[in-house]
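Following: one structure in structure tokens, then a few remarks.
Number of protein chains: 2
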Amino acid sequence: MNTGEALTILKEKGYKYTDKRKHMIDFFVGEDRYCTAKDLQVFMEPSYEGISFDTIYRNLHLFDQLGILESTELNGEKHFRLKCAHHHHHHFICNNCGITKEIHHCPMDKISEELQQYMIDDHKFEIYGLCPTCR
Amino acid sequence: MNTGEALTILKEKGYKYTDKRKHMIDFFVGEDRYCTAKDLQVFMEPSYEGISFDTIYRNLHLFDQLGILESTELNGEKHFRLKCAHHHHHHFICNNCGITKEIHHCPMDKISEELQQYMIDDHKFEIYGLCPTCR
DNA sequence: ATTTTAATCGGAACCATTCTTGTTAAAACA
DNA sequence: TGTTTTAACAAGAATGGTTCCGATTAAAAT
């Protein structure tokens, strides 16, 4: 997903265009990894001195909810990254630098018969380790 | 895993036997679901009035580290359950009651060629939804 | 029985996140 | 273009799960 697509989603859903929101999306477009609210705040600070944490969190959750971002919990902290626009996939996540790599194999195809009586809402498949650069 | 096995692990690693630790393990033996520190504290309270949160958390992490418990993050809170002694597997987790069901299919076999240059440490595969009782 | 060392307590501190009230600014409307 | 409406934001207090600290207690070793 790029900045334009993200802003289009915001507009279509009736949310306002603000410089801060654009700047936030720019941040995620430039990061191929899962980032914390703190990471974002550090990025915003120079351009918007004293930006409120409330603004950071409110928009992170809004973006997540609108499908502009996707999120996961790493070491007890919520992390966010730009949602990949194309088909369903999972991620390898580097424990050192946080960079992600797409995994084009989803295990859900194989497990339908194991959960006959169950109602499946969601699933999570993540692989952790070190990327080629960090190993 | 049962109470005896868990206490044996503690003893073998040189940790002390205390009634509180035994009571904690008894709690997890009786729960086939992921529980929070709070759940455990509520269970402990009647027998050990005013038990310190420090004791709860210290032992939860010790047990996790020793492989007596396994843990996962659900809705931003750490959850724990007794480690299943036998072979490697994953879990379906009910969003309503927290009960777990073993999934005997691990996707890791299939993805080795996708991560040639990467060093894999760990992985997580969880399925969320509603169990037959809660649906 | 005594010593050593770990476990526990009580409560303060921490930190990510959320809430509250008042203010500002974007978009809609006249 | 000026005014109204409504959402976005600021500032900082509050929350809640978790961790830390110094003092005390109890288990295990000697």
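Heads up: the sequence lines are chains H and Z, in that order. Residues 43 to 177 in the working numbering are what the first sequence spells out, letter by letter. Residues 43 to 177 in the working numbering are what the second sequence spells out, letter by letter. Beta carbons are placed, not taken as given, at the ideal position from N, Cα and C, and that holds for glycine.
Amino acids of chain H, ordered along the chain, whose beta-carbon sits closer than 8 Å to that of residue i
| i | result |
| --- | --- |
| residue 164 of chain Z | 169, 170, 171 |
| residue 174 of chain Z | 159, 160 |
Nearest-angstrom Cα separation, counted from residue j out to residue i
| i | j | result |
| --- | --- | --- |
| residue 141 of chain Z | residue 59 of chain H | 43 Å |
| residue 173 of chain H | residue 127 of chain Z | 31 Å |
| residue 151 of chain H | residue 166 of chain Z | 17 Å |
| residue 115 of chain H | residue 80 of chain H | 14 Å |
| residue 100 of chain Z | residue 107 of chain Z | 11 Å |
| residue 176 of chain H | residue 155 of chain Z | 19 Å |
| residue 160 of chain Z | residue 144 of chain H | 12 Å |
| residue 86 of chain Z | residue 69 of chain Z | 8 Å |
| residue 57 of chain Z | residue 168 of chain Z | 32 Å |
| residue 110 of chain H | residue 43 of chain H | 8 Å |
| residue 47 of chain H | residue 73 of chain H | 16 Å |
| residue 163 of chain H | residue 138 of chain Z | 12 Å |
| residue 88 of chain Z | residue 148 of chain H | 45 Å |
| residue 171 of chain H | residue 78 of chain H | 19 Å |
| residue 113 of chain H | residue 153 of chain Z | 22 Å |
| residue 55 of chain Z | residue 146 of chain Z | 30 Å |
| residue 181 of chain H | residue 136 of chain Z | Look at the range of chain H in this structure, 43 to 177, and you will see that residue 181 of chain H is not part of it. |
| residue 247 of chain H | residue 129 of chain H | Lying outside 43 to 177, the shown extent of chain H, residue 247 of chain H is not represented and no answer is given. |
| residue 51 of chain Z | residue 102 of chain Z | 14 Å |
| residue 93 of chain H | residue 131 of chain Z | 45 Å |
Neighbour list for residue i in chain Z, Cβ cutoff strictly below 8 Å
| i | result |
| --- | --- |
| residue 18 of chain H | Outside the modelled stretch of chain H, which goes from 43 to 177, sits residue 18 of chain H, for which no answer is possible. |
Beta bridge counterpart(s) of residue i as assigned by DSSP
| i | result |
| --- | --- |
| residue 164 of chain H | Z:170 |
| residue 73 of chain H | DSSP lists no partner for residue 73 of chain H. |
| residue 123 of chain H | H:112 |
| residue 145 of chain Z | Z:132 |
Within chain Z, partners of residue i - CB distance below 9 Å
| i | result |
| --- | --- |
| residue 147 of chain H | 149, 152, 153, 156 |
| residue 177 of chain H | 159, 160, 161 |
Anticipated Cβ contact below 8 Å, residue i with residue j, distance rounded
| i | j | result |
| --- | --- | --- |
| residue 118 of chain H | residue 125 of chain Z | Not a contact, Cβ separation roughly 20 Å. |
| residue 53 of chain H | residue 97 of chain H | 19 Å between Cβ atoms; not a contact. |
| residue 71 of chain H | residue 45 of chain H | 5 Å |
| residue 105 of chain Z | residue 76 of chain Z | No, residue 105 of chain Z and residue 76 of chain Z are not in contact; Cβ-Cβ is about 14 Å, not under 8 Å. |
| residue 157 of chain Z | residue 95 of chain H | Actually they do not touch by this definition, with Cβ atoms about 36 Å apart. |
| residue 67 of chain Z | residue 49 of chain Z | 7 Å |
Selection of the region 91-117 of chain H by Cβ proximity to chain Z, strictly under 7 Å: Cβ contacts with chain Z come from 115.
Which of the residues in the region 127-140 of chain Z, read from start to end, lie with their CB under 9 Å from any CB of chain H? Listed by position along the chain: 132, 134, 136, 137.
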